[in-house]
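Down below is the structure, laid out as structure tokens.
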Amino acid sequence: MIVIVAYDISDEDRRGRLRRYLRRLGLARVNRSVYAGPGTATTAELVAERAKEIVEEGDSVFVIVVREDEYQRAHVFDGRDYYIVSERKYEVY
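For any residue, its number in the working numbering is found by taking its place in the sequence shown, counting from 1, and adding 347.
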């Protein structure tokens, strides 16, 4: 399973706290405000609990768990290029 976390947090200190926590869980930055990595529903729950402690009004955090084959079918648009994750051998490990 792959845990995906997307966030919009206005304060740099709060963003930094969440980023450091996500890295400790083994998630990697895949976009400016998106982290992904191997995990389980329990990992997602841990992220959600930590996010509740960090976010304030106006902030948002989105946490989802998907199967790895679903993640590999993700479409990526990066401003210059378009690809499907599996075509680039893009991994979050």
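A virtual CB, placed ideally from N, CA and C, is assigned to each residue, including glycine.
Legend entry - Same chain only: Cβ atoms within 6 Å of Val410, ignoring 5 sequence neighbours per side: Hits under 6 Å: Val352, Ala391, Val394, Ala395.
Inset, instruction - Name the residue from Val381, Arg379, Gly373 whose alpha carbon lies nearest to the alpha carbon of Thr449. - result: Given that the chain is displayed from residue 348 to residue 440, the structure contains no residue 449 and the question cannot be resolved.
Legend entry - N- and C-terminal bounds of the alpha helix (DSSP H) containing Ile401: 388-401
Inset, instruction - Quick one: grab the DSSP three-state call for Asp355. - result: strand
Legend entry - The alpha helix (DSSP H) enclosing Asp416, as first and last residue numbers: 415-419
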